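Before any comments, here is the structure.
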Amino acid sequence: MLERTRRKSTTEITFVLPADQPAGEVSVVGDFNDWQPGAHQLTARRDGMRSVSVTMLADSRVAFRYLAHGDHWFDDQDADDHDGTNGYLHT
11 MLERTRRKST TEITFVLPAD QPAGEVSVVG DFNDWQPGAH QLTARRDGMR SVSVTMLADS
71 RVAFRYLAHG DHWFDDQDAD DHDGTNGYLH T
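Sequential numbering of the sequence shown, starting at 11, is according to my numbering.
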């Protein structure tokens, strides 16, 4: 799930996943963090989910994926677009 908060020149994207699916650590990686694993790791929320928020420039297109423990890459079905390799957001 993706939550978005639009501001004047930025958009805050909150990446949200269930706390236990997949098990173990998960980070979101993409153009916005030079594909660096662990740079934006999802953390537990009180509602049984886990999330991380990233502020990005408004009106841009950003590629991203999730990386879970054991080098397991996966996509977010709520992405604006998919190209078979990455998901994309339009901020």
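All residues carry an ideal CB built from backbone N, CA and C; glycine is no exception.
Because the structure is a prediction, the values reported are computed rather than measured.
Boundaries (first-last residue) of the beta strand (DSSP E) holding residue i
| i | result |
| --- | --- |
| Gly97 | 97 to 100 |
| Met59 | 59 to 67 |
| Gly32 | Gly is not the amino acid found at residue 32; the sequence shown has Pro there. Per DSSP, Pro32 belongs to no beta strand (DSSP E) and is neither H nor E. |
| Asp49 | Here the sequence assigns Ala to residue 49, which means Asp is not the residue at that position. Unbroken run through Ala49: none, as it is neither H nor E. |
C-beta atoms of residue i and residue j nearer than 8 Å
| i | j | result |
| --- | --- | --- |
| Met59 | Pro32 | no |
| Asp86 | Gly97 | yes |
| Val39 | Arg75 | yes |
| Phe42 | Val64 | yes |
| Thr101 | Leu77 | no |
Closer than 8 Å to chain B by CB, residue i
| i | result |
| --- | --- |
| Gly48 | The structure shown contains no chain B; it is built from a single protein chain. |
C-alpha gap between residue i and residue j, whole angstroms
| i | j | result |
| --- | --- | --- |
| Thr53 | Thr95 | 25 Å |
| Arg16 | Glu22 | 6 Å |
| Val26 | Met11 | 5 Å |
| Asp30 | Glu13 | 19 Å |
Identified DSSP bridge partners for residue i
| i | result |
| --- | --- |
| Trp83 | Leu77 |
| Phe25 | Leu12, Val62 |
query = For the 8 Å Cβ check, are there 3 or more pairs between the segment 67 to 77 and the segment 85 to 94?
reply = Cβ pair count under 8 Å is three or more, so yes.
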